[in-house]
Amino acid sequence: MKNLYKLFYTLCLFVAVTSCSSDSNGNDITDDAPVIDKSLNQRGLGESAHDLLSDDEYTSMNIEVLYVSGFQPTTTAMENFKAFLEERTFKPDGIAITYREVESSGLSSFEIEEVYDIEKEERSYYSVGDEISVYIYFADGSNEGDTDERFILGSAYRNTSMVIYGETINKFANRVNAPSKSVIETAVLNHEFGHLFGLVNVGTELQSDHEDEENDGHCTEENCLMRASLEFGSGIINQVRGTPPEMGPECIADLRANGGK
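Count the sequence shown with mature numbering (1 follows the signal peptide of the UniProt record, and there is no 0) and you get residues -21 to -1, 1 to 240, in order.
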(Lines of atoms letter the chains of each structure in order from A and count residues from 1; the text may use other names and numbers.)
(Lines give C-alpha, C1' and ligand atoms only; values in the text may rest on other atoms or scores of the structure.)
Protein backbone atom coordinates (compact mmCIF):
# COMPACT_ATOMS: atom_id res chain seq x y z
CA MET A 1 0.00 0.00 0.00
CA LYS A 2 2.83 2.38 0.85
CA ASN A 3 4.43 1.81 -2.55
CA LEU A 4 1.09 2.41 -4.21
CA TYR A 5 0.83 5.83 -2.60
CA LYS A 6 4.28 6.66 -3.91
CA LEU A 7 2.85 6.26 -7.44
CA PHE A 8 -0.30 8.28 -7.08
CA TYR A 9 -2.67 9.53 -4.45
CA THR A 10 -6.41 9.22 -4.37
CA LEU A 11 -9.29 10.99 -2.77
CA CYS A 12 -11.65 8.34 -1.48
CA LEU A 13 -15.06 8.09 0.05
CA PHE A 14 -15.79 5.06 2.19
CA VAL A 15 -19.54 4.73 2.29
CA ALA A 16 -20.94 4.90 5.83
CA VAL A 17 -17.43 4.53 7.25
CA THR A 18 -14.84 7.07 6.04
CA SER A 19 -13.98 9.33 3.11
CA CYS A 20 -10.22 9.68 2.18
CA SER A 21 -12.19 20.39 -15.04
CA SER A 22 -13.36 26.54 -24.74
CA ASP A 23 -12.16 24.19 -27.12
CA SER A 24 -8.52 24.47 -28.01
CA ASN A 25 -6.00 22.94 -30.37
CA GLY A 26 -3.23 22.98 -27.78
CA ASN A 27 0.09 24.80 -27.77
CA ASP A 28 0.38 27.00 -30.84
CA ILE A 29 3.26 25.93 -33.08
CA THR A 30 4.91 28.52 -35.30
CA ASP A 31 8.37 28.87 -36.81
CA ASP A 32 9.56 31.04 -33.93
CA ALA A 33 7.66 29.24 -31.15
CA PRO A 34 9.64 27.66 -28.32
CA VAL A 35 10.27 23.94 -28.55
CA ILE A 36 7.72 21.88 -26.60
CA ASP A 37 9.42 19.47 -24.26
CA LYS A 38 6.74 17.00 -23.19
CA SER A 39 9.06 15.46 -20.62
CA LEU A 40 8.51 18.55 -18.46
CA ASN A 41 5.00 17.18 -17.81
CA GLN A 42 6.02 13.56 -17.37
CA ARG A 43 7.87 13.75 -14.08
CA GLY A 44 7.02 12.26 -10.73
CA LEU A 45 4.21 13.44 -8.49
CA GLY A 46 5.19 16.55 -6.53
CA GLU A 47 8.29 17.30 -8.62
CA SER A 48 6.75 20.50 -10.02
CA ALA A 49 5.32 21.71 -6.73
CA HIS A 50 7.54 24.81 -6.55
CA ASP A 51 6.85 25.64 -10.22
CA LEU A 52 3.10 25.40 -9.65
CA LEU A 53 3.21 27.50 -6.49
CA SER A 54 5.69 30.25 -7.37
CA ASP A 55 6.38 32.65 -10.24
CA ASP A 56 10.13 31.95 -10.32
CA GLU A 57 9.91 29.96 -13.56
CA TYR A 58 6.27 30.14 -14.64
CA THR A 59 4.19 33.31 -14.34
CA SER A 60 0.98 31.81 -15.68
CA MET A 61 -0.88 28.50 -15.53
CA ASN A 62 -3.14 26.76 -18.00
CA ILE A 63 -5.52 24.06 -16.78
CA GLU A 64 -6.60 21.78 -19.63
CA VAL A 65 -9.86 20.05 -18.73
CA LEU A 66 -10.97 17.14 -20.87
CA TYR A 67 -14.31 15.46 -20.28
CA VAL A 68 -16.51 12.81 -21.83
CA SER A 69 -20.06 13.85 -22.75
CA GLY A 70 -22.26 13.79 -19.68
CA PHE A 71 -19.35 14.23 -17.30
CA GLN A 72 -18.46 17.92 -17.71
CA PRO A 73 -17.63 19.44 -14.31
CA THR A 74 -20.08 21.91 -12.82
CA THR A 75 -19.48 25.62 -13.29
CA THR A 76 -19.58 26.17 -9.54
CA ALA A 77 -16.92 23.55 -8.88
CA MET A 78 -14.58 25.03 -11.47
CA GLU A 79 -15.08 28.54 -10.10
CA ASN A 80 -14.29 27.25 -6.62
CA PHE A 81 -11.28 25.37 -7.93
CA LYS A 82 -9.85 28.42 -9.72
CA ALA A 83 -10.33 30.52 -6.59
CA PHE A 84 -8.46 27.87 -4.60
CA LEU A 85 -5.52 28.00 -7.03
CA GLU A 86 -5.44 31.79 -7.03
CA GLU A 87 -5.43 31.80 -3.25
CA ARG A 88 -2.40 29.50 -3.02
CA THR A 89 -0.21 30.36 -6.03
CA PHE A 90 1.77 33.27 -7.43
CA LYS A 91 0.78 33.54 -11.10
CA PRO A 92 0.78 37.27 -11.97
CA ASP A 93 -0.11 36.58 -15.61
CA GLY A 94 -3.16 34.61 -14.58
CA ILE A 95 -4.67 31.14 -14.48
CA ALA A 96 -6.64 30.04 -17.54
CA ILE A 97 -8.93 27.03 -17.77
CA THR A 98 -9.70 25.49 -21.16
CA TYR A 99 -12.30 22.79 -21.84
CA ARG A 100 -12.62 20.14 -24.51
CA GLU A 101 -15.08 17.29 -24.91
CA VAL A 102 -13.50 14.01 -25.96
CA GLU A 103 -14.87 10.65 -27.06
CA SER A 104 -15.32 7.92 -24.51
CA SER A 105 -12.37 5.57 -24.27
CA GLY A 106 -14.75 2.67 -23.77
CA LEU A 107 -12.74 1.65 -20.73
CA SER A 108 -14.17 1.21 -17.26
CA SER A 109 -13.25 0.53 -14.67
CA PHE A 110 -9.89 2.24 -15.21
CA GLU A 111 -6.44 1.04 -14.32
CA ILE A 112 -4.01 3.91 -13.74
CA GLU A 113 -1.92 2.68 -16.69
CA GLU A 114 -4.97 3.14 -18.94
CA VAL A 115 -5.31 6.70 -17.65
CA TYR A 116 -1.68 7.29 -18.68
CA ASP A 117 -2.47 6.04 -22.19
CA ILE A 118 -5.50 8.33 -22.52
CA GLU A 119 -3.41 11.33 -21.52
CA LYS A 120 -0.74 10.42 -24.07
CA GLU A 121 -3.40 10.33 -26.79
CA GLU A 122 -5.55 13.30 -25.76
CA ARG A 123 -3.40 15.88 -23.98
CA SER A 124 -2.89 19.05 -26.03
CA TYR A 125 -1.13 21.51 -23.71
CA TYR A 126 2.35 21.19 -22.24
CA SER A 127 4.46 23.56 -20.20
CA VAL A 128 6.28 25.96 -22.45
CA GLY A 129 7.92 29.34 -21.99
CA ASP A 130 6.63 30.99 -18.82
CA GLU A 131 3.35 29.01 -18.72
CA ILE A 132 2.96 25.78 -16.78
CA SER A 133 0.21 23.45 -17.94
CA VAL A 134 -1.89 20.98 -15.98
CA TYR A 135 -4.05 18.20 -17.42
CA ILE A 136 -7.33 17.06 -15.80
CA TYR A 137 -9.41 14.24 -17.28
CA PHE A 138 -13.03 13.74 -16.21
CA ALA A 139 -13.54 10.07 -17.00
CA ASP A 140 -16.82 8.35 -17.78
CA GLY A 141 -16.09 5.53 -15.40
CA SER A 142 -14.76 4.42 -12.07
CA ASN A 143 -11.46 3.23 -10.65
CA GLU A 144 -10.62 -0.45 -10.72
CA GLY A 145 -9.92 -0.31 -6.99
CA ASP A 146 -13.54 0.44 -6.03
CA THR A 147 -15.36 -1.97 -3.76
CA ASP A 148 -18.88 -2.12 -2.36
CA GLU A 149 -17.80 0.17 0.49
CA ARG A 150 -14.89 2.14 -0.95
CA PHE A 151 -15.03 4.54 -3.88
CA ILE A 152 -12.07 6.39 -5.39
CA LEU A 153 -13.15 9.76 -6.72
CA GLY A 154 -9.89 11.09 -8.15
CA SER A 155 -6.19 10.39 -8.56
CA ALA A 156 -3.23 12.75 -8.87
CA TYR A 157 -0.38 11.22 -10.83
CA ARG A 158 2.80 12.55 -12.37
CA ASN A 159 3.74 16.20 -11.78
CA THR A 160 0.89 17.93 -13.65
CA SER A 161 -1.77 15.28 -14.21
CA MET A 162 -5.05 14.32 -12.54
CA VAL A 163 -8.00 12.08 -13.30
CA ILE A 164 -11.49 12.55 -11.85
CA TYR A 165 -13.84 9.57 -11.92
CA GLY A 166 -17.01 11.27 -13.13
CA GLU A 167 -19.23 8.22 -13.03
CA THR A 168 -18.44 7.63 -9.37
CA ILE A 169 -19.02 11.27 -8.48
CA ASN A 170 -22.39 11.27 -10.27
CA LYS A 171 -23.51 8.13 -8.48
CA PHE A 172 -22.39 9.38 -5.09
CA ALA A 173 -23.99 12.82 -5.53
CA ASN A 174 -27.32 11.09 -6.17
CA ARG A 175 -27.29 9.33 -2.80
CA VAL A 176 -29.72 10.46 -0.13
CA ASN A 177 -28.20 13.18 2.09
CA ALA A 178 -24.99 13.27 0.06
CA PRO A 179 -23.20 16.58 -0.56
CA SER A 180 -24.05 18.29 -3.85
CA LYS A 181 -22.13 17.34 -6.97
CA SER A 182 -20.41 20.74 -7.08
CA VAL A 183 -19.20 20.36 -3.48
CA ILE A 184 -17.89 16.85 -4.12
CA GLU A 185 -16.12 17.96 -7.32
CA THR A 186 -14.59 20.95 -5.53
CA ALA A 187 -13.29 18.76 -2.71
CA VAL A 188 -11.80 16.22 -5.13
CA LEU A 189 -10.18 18.83 -7.38
CA ASN A 190 -8.67 20.76 -4.49
CA HIS A 191 -7.46 17.65 -2.69
CA GLU A 192 -5.81 16.17 -5.75
CA PHE A 193 -4.18 19.48 -6.68
CA GLY A 194 -2.86 19.55 -3.13
CA HIS A 195 -0.87 16.46 -4.08
CA LEU A 196 0.42 18.22 -7.21
CA PHE A 197 1.51 20.96 -4.79
CA GLY A 198 3.62 18.30 -3.09
CA LEU A 199 1.39 17.69 -0.08
CA VAL A 200 1.89 16.04 2.26
CA ASN A 201 5.68 15.55 2.17
CA VAL A 202 5.52 14.56 -1.50
CA GLY A 203 7.86 17.15 -2.98
CA THR A 204 7.03 19.96 -0.55
CA GLU A 205 9.06 19.79 2.64
CA LEU A 206 7.27 19.52 5.95
CA GLN A 207 7.50 22.56 8.21
CA SER A 208 5.98 20.61 11.10
CA ASP A 209 5.19 17.02 11.94
CA HIS A 210 1.72 16.53 10.42
CA GLU A 211 2.08 13.67 7.95
CA ASP A 212 -0.18 10.70 8.53
CA GLU A 213 2.19 7.79 9.17
CA GLU A 214 -0.44 5.26 8.08
CA ASN A 215 -1.38 7.12 4.88
CA ASP A 216 1.57 8.59 3.02
CA GLY A 217 0.94 11.98 1.46
CA HIS A 218 -1.87 12.94 3.82
CA CYS A 219 -2.34 15.20 6.82
CA THR A 220 -3.17 14.53 10.46
CA GLU A 221 -4.81 17.94 11.04
CA GLU A 222 -8.44 17.64 11.98
CA ASN A 223 -10.80 18.74 9.17
CA CYS A 224 -7.90 19.50 6.81
CA LEU A 225 -8.54 19.14 3.08
CA MET A 226 -5.52 16.83 2.87
CA ARG A 227 -6.68 14.22 5.39
CA ALA A 228 -6.75 10.68 4.03
CA SER A 229 -10.16 10.02 5.43
CA LEU A 230 -13.15 11.85 6.81
CA GLU A 231 -16.03 10.45 8.78
CA PHE A 232 -18.85 9.75 6.39
CA GLY A 233 -22.09 10.10 8.28
CA SER A 234 -23.70 13.15 9.79
CA GLY A 235 -20.21 14.50 10.50
CA ILE A 236 -18.97 14.74 6.94
CA ILE A 237 -22.39 15.75 5.61
CA ASN A 238 -22.51 18.66 8.06
CA GLN A 239 -18.92 19.57 7.23
CA VAL A 240 -19.08 19.64 3.44
CA ARG A 241 -22.75 19.94 2.46
CA GLY A 242 -22.44 23.65 1.81
CA THR A 243 -18.68 24.19 1.91
CA PRO A 244 -15.88 21.80 0.91
CA PRO A 245 -13.10 21.11 3.46
CA GLU A 246 -10.42 23.78 3.65
CA MET A 247 -6.67 23.31 3.79
CA GLY A 248 -5.34 23.40 7.33
CA PRO A 249 -2.71 25.85 8.59
CA GLU A 250 0.10 23.29 8.71
CA CYS A 251 -0.35 22.38 5.04
CA ILE A 252 -0.56 26.08 4.16
CA ALA A 253 2.71 26.67 6.00
CA ASP A 254 4.34 23.94 3.89
CA LEU A 255 3.13 25.56 0.68
CA ARG A 256 4.33 29.01 1.72
CA ALA A 257 7.79 27.63 2.48
CA ASN A 258 7.90 26.17 -1.05
CA GLY A 259 6.98 29.40 -2.84
CA GLY A 260 3.21 29.54 -2.48
CA LYS A 261 0.86 31.88 -0.67
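Glycine residues also receive a C-beta, built at the ideal position from the N, C-alpha and C atoms.
Each residue's CA atom was taken as its position, placing Pro71 and Gly108 some 15 Å apart.
Exposed is the label assigned to Ser187, since fewer than 16 other Cβ atoms lie within 10 Å of its Cβ. The beta carbon of Asn138 lies closer than 6 Å to those of Arg22, Glu26, Ser27 in the same chain, with the five residues before and after it left out.
Here Asn237 really is in contact with Thr183; their C-beta atoms are around 4 Å apart, less than 8 Å. Scanning Ile143, Asp96, Asn153, Glu101 for the CA closest to the CA of Phe117 turns up Ile143.
Taking a cut-off of 8 Å for Cβ pairs, the stretch 28 to 41 and the stretch 92 to 111 touch, as three or more such pairs fall below it. Leaving aside the five residues that flank Leu64 on each side, the residues in its chain whose CB is nearer than 6 Å to its CB run, in chain order, Ile74. Collapsing the DSSP output to three states places Ala135 in a strand.
About 11 Å separates the Cβ atoms of Tyr136 and Asn20, ruling out a contact at the 8 Å cut-off. Remark: C-beta atoms of Leu204 and Ala166 approach each other more closely than 9 Å. Judged by DSSP in its simplified three-state form, Met57 adopts helix. Counting of Cβ neighbours within 10 angstroms places Arg154 among the exposed residues, the total staying below 16.
Inclusion of Thr53 and Lys150 in the CB contact set at 9 Å is not warranted, their separation being larger than that value. For Thr68, there is no enclosing alpha helix (DSSP H), as DSSP marks it with neither H nor E. Sixteen is the threshold: since fewer than 16 other Cβ atoms of the shown chains lie within 10 Å of the Cβ of Asn202, the residue is exposed.
Partner residues in the beta bridge of Ser112, as assigned by DSSP, are Asn41. Gly145 and Ile163 have their C-alpha atoms roughly 11 Å apart. Each residue's CA atom was taken as its position, placing Tyr95 and Glu80 some 18 Å apart. Secondary structure note for Tyr95: its alpha helix (DSSP H) is the uninterrupted segment 91 to 101. When C-alpha distances from Leu234 are compared across Glu190, Cys198, Leu178, Ala207, the shortest belongs to Leu178.
For Leu185, the CB contacts under 8 Å within the same chain, skipping 5 residues up- and downstream, are Val179, Asp233 in chain order.
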